[in-house]
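J.: Everything in the sequence shown is counted per the numbering used here, starting at 265 for the first residue and increasing by one.
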Amino acid sequence: MPELSLWPIRLAGWAVRCLPNRFHSPRQCLNALMPAVPLLALLCLVLSIVATSHSMAQSADHSQTHALDGQAHHHSHASAGEVQWEGSRQGIAYSEFNHHLAGVFLLLIGLGEVRQALGWTSMAWTRALLPGALTVAGIFLLIWSDHDAWPVGSMTFAQTFGGHDPEVLQHKIYGILALTVGLVEWLRRVGWSDRAVWAAPLPLFAIVGGLMLFEHSHGEHPAARKIVLHHIMMGTMAITAGLSKLISGWRSRQVLVARSHWDLLWATLVVAIGLQLLIYSE
Numbered sequence: 265m266p267e268l269s270l271w272p273i274r275l276a277g278w279a280v281r282c283l284p285n286r287f288h289s290p291r292q293c294l295n296a297l298m299p300a301v302p303l304l305a306l307l308c309l310v311l312s313i314v315a316t317s318h319s320m321a322q323s324a325d326h327s328q329t330h331a332l333d334g335q336a337h338h339h340s341h342a343s344a345g346e347v348q349w350e351g352s353r354q355g356i357a358y359s360e361f362n363h364h365l366a367g368v369f370l371l372l373i374g375l376g377e378v379r380q381a382l383g384w385t386s387m388a389w390t391r392a393l394l395p396g397a398l399t400v401a402g403i404f405l406l407i408w409s410d411h412d413a414w415p416v417g418s419m420t421f422a423q424t425f426g427g428h429d430p431e432v433l434q435h436k437i438y439g440i441l442a443l444t445v446g447l448v449e450w451l452r453r454v455g456w457s458d459r460a461v462w463a464a465p466l467p468l469f470a471i472v473g474g475l476m477l478f479e480h481s482h483g484e485h486p487a488a489r490k491i492v493l494h495h496i497m498m499g500t501m502a503i504t505a506g507l508s509k510l511i512s513g514w515r516s517r518q519v520l521v522a523r524s525h526w527d528l529l530w531a532t533l534v535v536a537i538g539l540q541l542l543i544y545s546e
């Protein structure tokens with residue numbers, strides 16, 4: 265007579281497996297989750313950087329209250345033709361729109377680079393996000409970076425590119441660099457140029473652009489201190505991202521690996537800069 269049991273399911277485990285084989289023991293779970301640890305750490309770092317920058321910018325707002333009051337009192341005695349563009353409502357709206365649009369471009373670039381850094385084979389079309397966004401951003405800056413600069417403003421070509429206004433010149437330099445690097449990346453990613461030297465412009469652009477942010481000034485803007493804090497944060501992240509990309513490129517040629525944590529750091533920092541630009545305010 266067969267032995268009857270009160271347990272229809274074996275004590276050793278479930279009759280039906282609910283988890284894949286690699287999650288059947290704590291050690292296997294840890295081994296499976298280890299590749300995601302650097303990504304989670306970088307995500308926490310990005311969120312902390314953005315939150316810190318936002319709180320610093322808010323504190324800078326309070327410190328600028330008296331400066332804004334004095335600036336408004338000074339402008340109340342000026343004629344309509346002498347009203348300063350920097351710090352005016354129109355000037356702030358124009359500048360913030362440009363920064364927010366740049367943030368959208370960088371988020372597109374960063375998300376495409378994250379996919380590539382993680383080695384995902386799906387959505388291969390995202391490889392075109394970086395060169396496409398850089399090319400469009402470069403064209404936009406060359407035309408609409410400043411309301412009074414050539415070709416849309418009253419400044420001539422010579423005044424715009426001759427250093428008549430250092431801030432305007434820096435914006436145009438960013439446009440030239442973005443357009444150039446975007447075209448180079450198009451050639452690389454469609455396979456027209458696979459020489460190692462053509463991989464250098466992208467990280468060098470990030471490093472040079474980051475260094476330029478430390479010297480970027482908005483003139484006599486009433487929120488100048490707040491803007492400087494934004495630029496310091498973005499400049500630091502841009503330089504770190506560029507160095508990470510350089511190390512990744514060098515390492516991949518030395519040990520023949522398809523991807524590395526340096527690629528992931530580069531991509532994450534690009535996303536962080538994009539988020540920073542999206543919360544940019546004057």
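Ideal Cβ placement from N, Cα and C applies to all residues, glycine included.
As the structure is a prediction and not an experimental result, all values here were calculated from the model.
Leaving out five residues on either side along the sequence, give the residues of the same chain with a beta carbon under 7 Å from the beta carbon of Asp-410.
T.: Excluding residues within five positions, the ones whose Cβ falls inside 7 Å are Gly-417, Val-432 and His-435.
J.: Would you give the residue range spanned by the alpha helix (DSSP H) that Ser-359 belongs to?
T.: Run containing Ser-359: 353-382, per the alpha helix (DSSP H) assignment.
J.: Can you tell which of Leu-441, Ile-373 and Thr-399 has its C-alpha closest to the C-alpha of Met-476?
T.: The option with the nearest alpha carbon to Met-476 is Leu-441.
J.: For the 8 Å Cβ check, are there 3 or more pairs between the region 393-409 and the region 372-379?
T.: Yes, they touch.
J.: Count the other C-beta atoms from every protein chain shown that fall within 10 angstroms of the C-beta of Thr-399, then say buried if there are 16 or more, exposed otherwise.
T.: Buried.
J.: Find the nearest neighbour of Gly-506 within the set Ala-470, Gly-355, Val-454 and Val-534, judged by alpha-carbon distance.
T.: Comparing Cα positions, the closest option is Ala-470.
J.: Between which two residues does the alpha helix (DSSP H) containing Ala-442 stretch?
T.: Note, Ala-442: alpha helix (DSSP H), 430-453.
J.: CA-CA distance, Ala-422 and Leu-406?
T.: Roughly 14 Å between the two C-alpha positions.
J.: Mind checking which residues open and close the alpha helix (DSSP H) that includes Val-535?
T.: Its alpha helix (DSSP H) spans residues 525-542.
J.: Given a threshold of 16 other Cβ atoms within 10 Å of its Cβ, counted over all protein chains shown, does Pro-430 qualify as buried or as exposed?
T.: Under this definition Pro-430 is an exposed residue.
J.: Roughly how many angstroms separate the alpha carbons of Ala-487 and Thr-424, rounded to a whole number?
T.: Approximately 24 Å, taken between the alpha carbons.
J.: Buried or exposed: Ala-366, going by 16 or more other Cβ atoms within 10 Å of its Cβ?
T.: The residue is buried, with at least 16 neighbouring Cβ atoms inside 10 Å.
J.: Candidates Ser-386, Asn-362 and Ser-508: which alpha carbon is nearest Leu-528's?
T.: Measuring from the Cα of Leu-528, the nearest candidate turns out to be Ser-508.
J.: Nearest to His-495 by alpha carbon, out of Ala-357, His-363, Ser-352 and Trp-408?
T.: Nearest option by C-alpha distance: His-363.
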